[in-house]
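Here numbering that gives the first Met the number 0 is used: position 126 in the sequence shown is 125, and no number is missing along the way.
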Amino acid sequence: MPVPQDVVFRLEPGRDPERLTADELLELAAAALVASTSPTDSAAPVPAAARLQRVSFDARAKSMNWRVVARTWRSEEKIPPPARTTPYPPPQVAADAKRVLIVGSGPAGLFCALELLRIGLRPIVCERGQDAQTRRRAIALLNRGEGTDPESNYAFGEGGAGTYSDGKLYTRSAKRGDVDAVLRELVAHGAPERILWGWRPHIGSNLLPQVVQALRETIRGAGGEVRFGARVEDLIVKDGRITGARLAGGEEIAANAVVLAAGHSAADSLLMARRAGAQLEPKGFAMGVRVEHPQSWVDGIQYHGQKEAAGLPPAFYELVGHSGDRAVYSFCMCPGGWIVPSQSQPGTLVVNGMSLAKRDSDYANSGVVVEIQPADWCGKRGWRWGWPELLKKAAKLSDNPLLQEVAHGRLPDAPEQDPLFGLRIQLALETVAHHAGGGDGKAPAERCDRFVKEQEAEAYDLLPTSYLPGLTSVDLNKMLPAGLAKRLRDGIQEFGRIMPGYDGPTGQVIGVETRTSSPVRILRDDATLAAAGLPGLYPCGEGAGYAGGIVSAALDGVATARAAAKALAPAAIDAAADSALR
Ligand SMILES: Cc1cc2nc3c(=O)[nH]c(=O)nc-3n(C[C@H](O)[C@H](O)[C@H](O)COP(=O)(O)OP(=O)(O)OC[C@H]3O[C@@H](n4cnc5c(N)ncnc54)[C@H](O)[C@@H]3O)c2cc1C
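(1) Buried or exposed for P463, going by 16 or more other Cβ atoms inside 10 Å?
(2) Going by DSSP, what residue range makes up the alpha helix (DSSP H) through C111?
(3) Assign G220 to one of three DSSP states: helix, strand, or coil.
(4) Hey, is M353 close to ligand 1, as in C-beta under 7 Å from one of its heavy atoms?
(5) Straight-line CA distance for K395 to L410?
(6) Using three-state DSSP, classify P122 as helix, strand or coil.
(7) Give me the DSSP bridge partner(s) of K477.
(8) Counting only the same chain and skipping the five closest in sequence on each side, list residues whose C-beta sits under 7 Å from that of P16.
(9) Can you tell me whether DSSP reads L419 as helix, strand or coil?
(10) Tell me which residues share the same chain as Y328 and place their Cβ nearer than 6 Å to its Cβ, disregarding the 5 neighbours each side in the sequence.
(11) Span of the beta strand (DSSP E) holding S472?
(12) Just checking G589 against ligand 1 - is the residue's beta carbon closer than 7 Å to any of the ligand's heavy atoms?
(13) Return yes when the C-beta of R127 is under 7 Å from any heavy atom of ligand 1, and no when it is not.
(14) Along the chain, which unbroken stretches of the beta strand (DSSP E) at least 3 residues long are found entirely within the region 243 to 300?
(15) What's the gap between the Cα of R134 and the Cα of V225?
(16) At the level of alpha carbons, what is the spacing between F227 and D130?
(17) Within the present structure, is the beta-carbon of D238 separated from the nearest heavy atom of ligand 1 by less than 7 Å?
(18) Span of the alpha helix (DSSP H) holding E23?
(19) When you compare only the Cα positions, how much space is there between G590 and S37?
(20) Excluding the 5 residues preceding and the 5 following S164 in the sequence, name in chain order all residues of the same chain whose CB lies nearer than 6 Å to its CB.
(21) For G189 versus L355, is the C-beta spacing smaller than 8 Å?
(22) Report the residue from L311, W376, G336 whose alpha carbon sits nearest the alpha carbon of R18.
(23) Under three-state DSSP, which class holds A571?
(24) Do you know whose CA, among K565, L554, Q344, A564, lies nearest K174's CA?
(25) Going by C-alpha to C-alpha distance, which of P334, A442, P3 sits closest to I509?
(26) With a 10 Å radius around its C-beta and 16 neighbouring C-beta atoms as the bar for buried, classify P504 as buried or exposed.
(27) In chain order, what residues of the same chain lie with their CB nearer than 6 Å to the CB of S516, ignoring the 5 residues before and after it?
(28) On a CA-only basis, which of V431, K452, G540 is nearest L479? Give me that one, please.
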């Protein structure tokens with residue numbers, strides 16, 4: 000008999016597993032143990048304690064019940080303490096500890112800093128944006144359509160791009176590290192405990208700022224530094240090795256290593272790495288739109304009309320389709336959420352989704368994006384996608400060098416000819432969308448049925464929306480490059496076959512969702528995680544091309560910290576093994 004033992008039981012929809020008392024959970028787990036013991040076996044063990052381990056909801060019409068996995072312990076077993084709900088402070092860093100400068104305070108940067116402290120190295124986190132509290136002002140301006148601050152927005156500032164997000168924490172990156180340890184760290188810093196076992200765990204925009212502020216205080220408390228309004232403008236290279244960084248304003252910070260965890264919205268930081276000698280390679284990414292429906296419509300389909308009676312949370316969906324040889328898929332679906340303006344540069348427009356812990360808005364939104372591989376922007380294939388017209392259009396609207404350098408509209412013959420090309424088409428689409436929306440943060444939009452049937456967009460058709468700056472009726476088939484528009488039409492129609500009505504008049508397409516992941520990777524050595532050919536630089540997280548979401552970015556931060564420490568202070572790693580939270 001495995002010890003401790005996990006048992007599975009089902010609960011009817013009206014009985015929320017989160018609300019079970021400890022006694023009720025123990026009783027249900029004991030009954031499940033008895034039921035799962037064969038009559039020929041010895042009597043079922045009597046559990047002395049039970050805890051929720053995983054909870055999910057089976058929404059198939061014939062099932063419609065909660066599936067609960069409970070972990071049980073017998074009285075003679077040692078029952079581990081519950082997850083900490085207060086930070087476990089790393090030891091005070093020594094005065095002469097090696098210094099690691101971290102560019103960016105996103106999940107990658109913060110988890111890297113914590114891990115460095117646990118090993119005994121001193122992190123200096125430089126964040127171009129403001130602390131989470133001050134950042135609220137810039138976000139309020141964005142939501143009112145009153146301008147984009149290039150240093151403080153949904154992408155830049157304390158906690159990175161995830162702070163004002165849905166805070167979804169599910170990940171497919173279990174192989175990259177200890178996901179549960181990341182979740183426990185978040186709980187220790189104020190995230191709700193249910194993320195440890197919950198059904199599609201998420202934190203919510205109202206709670207995330209407190210969590211990242213608590214992480215920052217833990218880092219400062221142990222002797223690490225976290226600086227805001229500190230944009231790193233250049234990496235300092237001496238004798239072929241990174242020795243520190245220069246901030247905007249001229250201050251130089253010496254460091255034994257630099258971790259570049261700048262996220263995927265900081266093209267300037269990628270260019271900075273390239274100037275210093277890092278090698279960039281193009282990588283596949285995805286672009287498309289957000290699609291919004293009333294949450295009640297999604298609930299009706301997913302819960303077969305039983306949401307209210309069963310007291311269920313706002314429903315979710317995850318859809319995948321195909322158009323030719325490319326996938327079209329839903330991305331970062333936000334039940335009960337808002338669509339938000341998440342561009343980081345004036346003159347551009349990007350939409351993304353977020354929600355509060357309760358997910359209680361009347362709308363459901365999701366990215367619907369098309370997979371784009373580097374081969375898709377080369378040669379004849381690239382012409383068929385329609386990138387040349389997009390680039391020419393965008394170059395007339397913006398003097399950004401990334402666009403001016405391709406104002407002629409010519410495409411590379413092979414991906415390696417221009418590693419920045421993915422960045423260029425991303426920026427081009429964001430520029431064209433801003434222009435089509437008419438400014439003031441307004442987003443170009445069209446009803447789903449008109450978009451998929453290629454009918455002319457009609458202003459009177461626009462539906463109410465969660466997107467606060469407002470919408471402009473735009474013929475999206477004309478605004479988007481032809482290859483992208485076609486694949487989105489195919490994908491949305493396929494979604495309509497899975498969720499009937501998805502492509503109908505209750506849905507709205509809102510452009511553009513471009514920041515799904517980085518179109519560029521900074522090459523790093525698989526074993527040392529250092530930038531190829533540039534010792535002392537550690538490309539990390541989503542912007543460097545090694546993560547795709549909050550949890551995977553945090554895991555990459557931890558892995559990077561260990562790799563940097565292994566190079567700088569190998570003995571410290573073993574000594575620190577016991578001090579870690581996990
Ligand atoms: C609105 C929104 C909703 C999202 N929802 C989810 C979700 O629900 N679940 C999920 O898993 N993911 C979500 N994401 C994506 C998630 O936020 C990112 O995958 C994650 O934050 C990446 O972490 P990171 O640390 O690699 O980079 P980031 O979080 O992007 O952090 C990078 C930081 O570096 C700073 N920086 C950049 N350049 C410099 C420089 N030169 N000097 C100093 N600082 C610099 C930036 O200001 C930024 O704070 C969402 C993103 C957005 C915008």
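Backbone N, C-alpha and C define an ideal beta-carbon position, used for all residues, glycine too.
Straight from the coordinates:
(1) It counts as exposed.
(2) 106 to 118
(3) helix
(4) yes
(5) 17 Å
(6) strand
(7) DSSP output for K477 lists no bridge partner at all.
(8) L10, L51, V54, W65, V67
(9) coil
(10) V319
(11) 470 to 472
(12) Absent from the model: residue 589. The displayed extent of the chain is 0 to 581, so no value can be given.
(13) yes
(14) 251 to 253, 256 to 259, 279 to 281, 284 to 293
(15) 15 Å
(16) For the pair F227 and D130, the Cα-to-Cα distance works out to about 6 Å.
(17) Result no, Cβ not under 7 Å from ligand 1.
(18) 21 to 35
(19) Given a span of 0 to 581 for the chain in the structure shown, any question on residue 590 remains unanswerable.
(20) M353
(21) no
(22) Looking at the Cα atoms, L311 is the closest of the given residues.
(23) helix
(24) L554
(25) A442
(26) exposed
(27) F284, G547
(28) Here the closest residue by C-alpha is V431.
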